[in-house]
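Right, one structure below, let's go through it.
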Amino acid sequence: MRISTVIFSLFFLVSMGYAKKAKSGDIKWAKSGNAYYQVEDGAIVETDLPSFTKKIIVPKESLANQNAGIYISIKNFSISEDGNKFLIFTNSKRVWRYETRGDYWVYNVIYKTLEQVGESLPESSLMFAKLSPDGSKVAYVSKHNLYEEELKSHKITQLTFDGTDKLINGTFDWAYEEEFGCRDGFRWSADGNQIAYWQIDATHIRSFLLMDNTDSIYSFTKPVEYPKVGEDPSACKVGVVNIANAQTVWMKVPGDAVQHYIPRMEWTPTNQLIVQQLNRKQNESNLFLLNPATGEANQIYTETDKAWIDIKSRWDDDNPKGWDFINNGKDFIWVSEKDGWRHIYTISMDGKKETLLTKGEYDMITLENIDKEHGYIYFTASPSNATQQYLYRVSLKGNGKLELVSPGEEKGTHNYDISPNGTFAKHSFSSHKIPNISEWVTLPSHKVIKESEQKLAVDKESKVEMIQVTTDDKVTMDGWMIKPVNFDSTKKYPVVFYVYTEPGATTVSDSYGIERGGTHLYYGDLAEDGYIVISLDGRGTPSPKGAEWRKSIYKQVGILNIRDQAMAAKKILQWKYVDANRIAVWGWSGGGSTTLNLLFQYPDIYKTGISIAPVAYRLSYDNIYEERYMGLPLENKADYIKASAITYANGLKGNLLLVHGTGDDNVHYQNSELLINELVKYGKYFQFMSYPNRTHSISEGAGTRIHLSVTFTKYLKEHCPGGGR
Numbered sequence: 002m003r004i005s006t007v008i009f010s011l012f013f014l015v016s017m018g019y020a021k022k023a024k025s026g027d028i029k030w031a032k033s034g035n036a037y038y039q040v041e042d043g044a045i046v047e048t049d050l051p052s053f054t055k056k057i058i059v060p061k062e063s064l065a066n067q068n069a070g071i072y073i074s075i076k077n078f079s080i081s082e083d084g085n086k087f088l089i090f091t092n093s094k095r096v097w098r099y100e101t102r103g104d105y106w107v108y109n110v111i112y113k114t115l116e117q118v119g120e121s122l123p124e125s126s127l128m129f130a131k132l133s134p135d136g137s138k139v140a141y142v143s144k145h146n147l148y149e150e151e152l153k154s155h156k157i158t159q160l161t162f163d164g165t166d167k168l169i170n171g172t173f174d175w176a177y178e179e180e181f182g183c184r185d186g187f188r189w190s191a192d193g194n195q196i197a198y199w200q201i202d203a204t205h206i207r208s209f210l211l212m213d214n215t216d217s218i219y220s221f222t223k224p225v226e227y228p229k230v231g232e233d234p235s236a237c238k239v240g241v242v243n244i245a246n247a248q249t250v251w252m253k254v255p256g257d258a259v260q261h262y263i264p265r266m267e268w269t270p271t272n273q274l275i276v277q278q279l280n281r282k283q284n285e286s287n288l289f290l291l292n293p294a295t296g297e298a299n300q301i302y303t304e305t306d307k308a309w310i311d312i313k314s315r316w317d318d319d320n321p322k323g324w325d326f327i328n329n330g331k332d333f334i335w336v337s338e339k340d341g342w343r344h345i346y347t348i349s350m351d352g353k354k355e356t357l358l359t360k361g362e363y364d365m366i367t368l369e370n371i372d373k374e375h376g377y378i379y380f381t382a383s384p385s386n387a388t389q390q391y392l393y394r395v396s397l398k399g400n401g402k403l404e405l406v407s408p409g410e411e412k413g414t415h416n417y418d419i420s421p422n423g424t425f426a427k428h429s430f431s432s433h434k435i436p437n438i439s440e441w442v443t444l445p446s447h448k449v450i451k452e453s454e455q456k457l458a459v460d461k462e463s464k465v466e467m468i469q470v471t472t473d474d475k476v477t478m479d480g481w482m483i484k485p486v487n488f489d490s491t492k493k494y495p496v497v498f499y500v501y502t503e504p505g506a507t508t509v510s511d512s513y514g515i516e517r518g519g520t521h522l523y524y525g526d527l528a529e530d531g532y533i534v535i536s537l538d539g540r541g542t543p544s545p546k547g548a549e550w551r552k553s554i555y556k557q558v559g560i561l562n563i564r565d566q567a568m569a570a571k572k573i574l575q576w577k578y579v580d581a582n583r584i585a586v587w588g589w590s591g592g593g594s595t596t597l598n599l600l601f602q603y604p605d606i607y608k609t610g611i612s613i614a615p616v617a618y619r620l621s622y623d624n625i626y627e628e629r630y631m632g633l634p635l636e637n638k639a640d641y642i643k644a645s646a647i648t649y650a651n652g653l654k655g656n657l658l659l660v661h662g663t664g665d666d667n668v669h670y671q672n673s674e675l676l677i678n679e680l681v682k683y684g685k686y687f688q689f690m691s692y693p694n695r696t697h698s699i700s701e702g703a704g705t706r707i708h709l710s711v712t713f714t715k716y717l718k719e720h721c722p723g724g725g726r
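With positions in the sequence shown counted from 1, the corresponding number in the working numbering is that position plus 1.
What follows is the structure in structure tokens.
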């Protein structure tokens with residue numbers, strides 16, 4: 002349930018499961034860091050820095066598919082180590098959330114040739130194709146098996162043979178992808194002679210059956226392997242296959258393969274493997290060095306937490322791949338919250354020495370770049386304002402001070418795409434009042450070398466205000482608010498609260514357009530129609546306020562986060578211009594769950610609620626997410642019951658619109674059916690809208706999104722009319 006509904010465009014991208022298509026603006030760095038590549042007008046163009054001189058490397062005319070008589074559309078691409086081959090991904094198809102299955106072509110810059118990879122395999126069946134380090138071979142997954150192909154001869158060698166829909170080689174099952182961000186499941190060795198890969202055994206995972214009543218006269222089911230909370234996860238192991246003989250050596254990672262997860266695995270500079278293993282509760286992390294020839298494992302590092310341990314995707318752009326080695330492979334970078342703050346450490350390869358790099362009572366937010374040549378690590382943080390984000394750097398030696406790199410006078414949210422050598426960066430900045438600007442700078446001086454086409458100026462039309470609310474529990478919550486157009490403080494207005502509140506996402510940041518997350522479904526303009534709109538981040542959300550803030554929600558999802566929202570709403574109801582009789586709340590996914598709990602547990606506050614795709618019964622969701630934040634139900638099932646909205650269904654007094662797609666493979670339609678039974682049992686009346694075969698995004702099919710928007714708007718206007726009174 003890691004869907005972030007912060008900004009509509011982001012929500013729509015994630016929930017729709019669309020791959021990020023290579024397009025103008027998306028860049029891939031050259032190995033040197035002094036140039037970058039991007040797609041422009043169907044071609045791949047190299048831009049030199051700092052001159053910004055452009056050169057077409059892969060002409061559009063060279064991407065003609067002679068068999069189909071069309072140009073290849075570039076969905077994504079990667080580049081060989083020597084820069085002479087471009088591996089182009091096209092004709093992509095959706096797998097769960099993202100378009101990770103498709104066709105691949107190799108363009109040779111030297112010989113100006115374009116050749117398809119895996120041509121004899123089914124169309125659009127290749128996944129995560131990668132060139133070998135020397136660029137002579139390419140490996141990929143097709144139909145859950147690994148293949149290797151010699152580019153010169155086009156000889157294809159199948160490396161695994163046991164792959165099925167339930168025995169998955171080189172990629173992952175639904176739960177690993179959804180909750181760990183794991184998709185690409187294999188890695189080339191440095192010499193190109195071996196491939197390390199995950200094997201996920203989901204043969205014992207029960208399938209949840211989605212019912213399709215509309216695509217044929219007779220209904221049929223769509224099975225999704227889905228481990229519900231409390232059910233055993235898929236077994237996981239790591240193997241190393243020899244390219245020459247297709248023989249796999251299985252790594253001897255200690256511990257039960259079913260009761261542990263392996264969310265990270267990479268080759269080390271010394272041609273060993275390093276893996277991170279989590280226990281099922283995800284509160285113990287072990288690092289192992291593995292011998293690829295024998296499979297023998299050597300444990301080098303252990304960490305425990307009273308709640309849970311986040312993995313790399315939490316602070317590295319939702320990407321669990323990669324392991325950051327420094328000092329010629331003698332040490333690596335690690336991130337931990339063990340001292341109460343998310344800090345960066347260096348760990349020696351034997352695990353015996355660690356050095357804290359980021360010292361102080363603040364959280365690093367994202368790790369941006371390791372400048373090995375100059376001995377610095379760049380990361381974002383915001384020590385004084387959790388809604389903002391700035392670039393900082395510290396010495397890799399651990400003896401330097403924290404240096405602010407972003408312009409301190411630009412208060413808001415800064416984002417960076419930094420070159421591998423730490424010299425250049427694409428910088429963007431915005432605040433709740435300042436529209437986004439994008440420019441090029443040098444680091445660490447932050448000197449602008451290419452100015453933004455946009456001007457750094459306040460949007461005088463912006464209605465967004467940043468606010469803070471402190472509850473009687475002494476909890477201070479950050480938020481944003483929009484007041485009605487022509488606001489009159491002598492009148493009373495309705496309030497629409499937009500909520501998420503779970504560990505998966507925040508809804509508040511000092512960035513331009515943040516309010517769209519809470520307003521995008523409304524067919525019109527909420528401010529024009531006389532509504533106050535507010536969103537608040539309470540405890541348990543992943544704000545950079547320290548581990549205690551984030552992890553206080555452990556075993557209390559549906560309780561603590563709900564109380565924070567309600568107590569903040571009580572304070573807001575004391576504002577003289579708020580109409581206590583017109584208080585609405587809405588949310589999607591985890592926000593839908595929050596909406597239900599607020600409406601049921603605090604009916605004297607919230608009069609109207611719109612809940613979309615909610616987890617109404619916490620024992621119905623997947624095991625990785627729920628057990629991370631709630632513990633194992635065999636040990637504390639009562640906490641799950643207490644956290645579930647259906648437990649409080651009898652508390653409904655106000656108006657409820659419940660919305661769900663029947664084809665939701667993430668939060669199953671089952672949740673709404675279970676809730677409906679409870680509401681019916683207690684004689685509670687409500688409105689329900691189901692969308693046949695729509696997924697968690699409720700977007701498929703002609704007219705769906707506009708229909709949902711109009712339904713949302715009409716219900717809100719009818720039951721919580723806008724305007725000052």
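Using N, Cα and C, we set each Cβ at its ideal position, and we do this for glycine too.
Residues sharing a beta bridge with residue i, DSSP
i           : result
residue 393 : 380, 405
residue 507 : None, per the DSSP bridge assignment.
residue 188 : 197
residue 444 : None, per the DSSP bridge assignment.
residue 102 : 94, 128
residue 75  : Note: residue 75 sits in no beta bridge, so no partner.
residue 138 : 151
residue 375 : Residue 375 pairs with nothing; no bridge assigned.
residue 662 : 692
residue 481 : 467, 536
residue 224 : 210
Sub-8 Å separation of residue i and residue j beta-carbons
i           : j           : result
residue 198 : residue 170 : yes
residue 139 : residue 623 : no
residue 228 : residue 235 : yes
residue 524 : residue 495 : no
residue 338 : residue 348 : no
residue 499 : residue 595 : no
residue 520 : residue 509 : no
residue 321 : residue 327 : no
residue 439 : residue 414 : no
residue 176 : residue 625 : yes
residue 631 : residue 618 : no
Span of the alpha helix (DSSP H) around residue i
i           : result
residue 630 : 624 to 631
residue 175 : 175 to 181
residue 562 : 561 to 573
residue 283 : Neither: residue 283 is in no alpha helix (DSSP H) and is coded neither H nor E.
residue 520 : 517 to 520
residue 671 : 671 to 682
residue 513 : Where residue 513 is concerned, there is no enclosing alpha helix (DSSP H), given that its DSSP letter is neither H nor E.
Where the beta strand (DSSP E) containing residue i begins and where it ends
i           : result
residue 584 : 579 to 589
residue 55  : 55 to 59
residue 265 : 261 to 268
residue 303 : 298 to 305
residue 39  : 36 to 41
residue 349 : 344 to 349
residue 716 : Unbroken run through residue 716 is the alpha helix (DSSP H), 705 to 720; no beta strand (DSSP E).
residue 249 : 249 to 251
residue 117 : 114 to 118
residue 160 : Per DSSP, residue 160 belongs to no beta strand (DSSP E) and is neither H nor E.
CB-CB length for residue i against residue j, believed under 8 Å
i           : j           : result
residue 291 : residue 252 : 5 Å
residue 538 : residue 479 : 5 Å
residue 419 : residue 379 : 6 Å
residue 305 : residue 34  : Going by Cβ atoms, the distance from residue 305 to residue 34 rounds to 38 Å, so no, they are not a contact pair.
residue 1   : residue 435 : Residue numbering for the chain in the displayed model covers 2 to 726; residue 1 lies beyond these limits and cannot be assessed.
residue 358 : residue 406 : Going by Cβ atoms, the distance from residue 358 to residue 406 rounds to 15 Å, so no, they are not a contact pair.
Interface flag, residue i vs chain C, CB-CB below 8 Å
i           : result
residue 500 : Any reference to chain C falls outside this structure, which holds one protein chain only.
Cβ-heavy atom distance, residue i to the ligand FAD, below 7 Å
i           : result
residue 368 : For the ligand FAD, the structure offers nothing, since it holds no ligand at all.
*Say whether the region 44 to 54 touches the region 91 to 107, bearing in mind that this needs 3 or more beta-carbon pairs closer than 8 Å, one atom from each stretch.*
Because the criterion of three Cβ pairs below 8 Å is not met, the region 44 to 54 and the region 91 to 107 do not touch.
*Spell out a yes or no on whether the region 656 to 673 and the region 691 to 705 are touching, meaning 3 or more CB-CB pairs, one atom from each, closer than 8 Å.*
Contact between the region 656 to 673 and the region 691 to 705 is present, with at least three C-beta pairs closer than 8 Å.
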